[in-house]
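Residue numbers (our numbering): 414 to 595.
Worksheet: the structure to be examined is printed underneath.
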Ligand code: AMP
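The structure is reproduced here in structure tokens:
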């Protein structure tokens, strides 16, 4: 978890590789569906480009599919899920149905000023439609209003590791490994 631009994708890829687990990023999956023009992509496109969150039903549907895959049997590293309290509750139910649970939640902690600078850089490099200034402010608001409260939900369950997420990629990756005791 963490605000947009906190480094979830970058650190998630490194961690998934070192743990030997598949990484499942809802943002990547949705962007791919939009590019291919699938029914999921057609539903999600306008919502994503405006910087709003896609509905909990859609997200929990794709999470359910992911958890059913054979390669997910040993564990999955989720990137960008969960982002709302109903998603946290739905995820808990889906995992419990399989006799599984959330082992750890990594929270990437970055200031707003740093986030805005990073998203501006990413817009000039990747041209993501949802990195334009209006969409960015909508995404930050969605994060504060809908996603930030999820942190407290997981803190009660004692699975949160807070990672200071300013520094080099290697420094932050080191903090992630130490937080997980690896
Ligand atoms: P990301 O690449 O994780 O920043 O996701 C890009 C966009 O995809 C978000 O701004 C949302 O519109 C949508 N999205 C990705 N994951 C979720 C989620 N768990 N819940 C709702 N919307 C999501």
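Backbone N, C-alpha and C define an ideal beta-carbon position, used for all residues, glycine too.
Bear in mind that the values here come from a model prediction, so they are computed numbers and not experimental data.
Does DSSP put residue i in a helix, a strand or coil?
{"i": "residue 495", "result": "coil"}
{"i": "residue 562", "result": "helix"}
{"i": "residue 575", "result": "strand"}
{"i": "residue 480", "result": "helix"}
{"i": "residue 522", "result": "strand"}
{"i": "residue 580", "result": "coil"}
{"i": "residue 448", "result": "helix"}
{"i": "residue 486", "result": "coil"}
Which partner residues of residue i appear in the DSSP bridge assignment?
{"i": "residue 438", "result": "492"}
Counting C-beta neighbours from all protein chains within 10 Å, is the total for residue i 16 or more, i.e. buried, or is it exposed?
{"i": "residue 455", "result": "exposed"}
{"i": "residue 421", "result": "buried"}
{"i": "residue 425", "result": "buried"}
{"i": "residue 418", "result": "buried"}
Please work out which residues of its chain come closer than 7 Å, Cβ to Cβ, to residue i, disregarding the five sequence neighbours upstream and downstream, and give them in chain order.
{"i": "residue 595", "result": "none"}
{"i": "residue 495", "result": "501, 504, 563"}
{"i": "residue 477", "result": "507"}
{"i": "residue 432", "result": "490"}
Can you find the residues in the same chain that come closer than 8 Å, C-beta to C-beta, to residue i, ignoring five residues on each side of it along the sequence?
{"i": "residue 550", "result": "464"}
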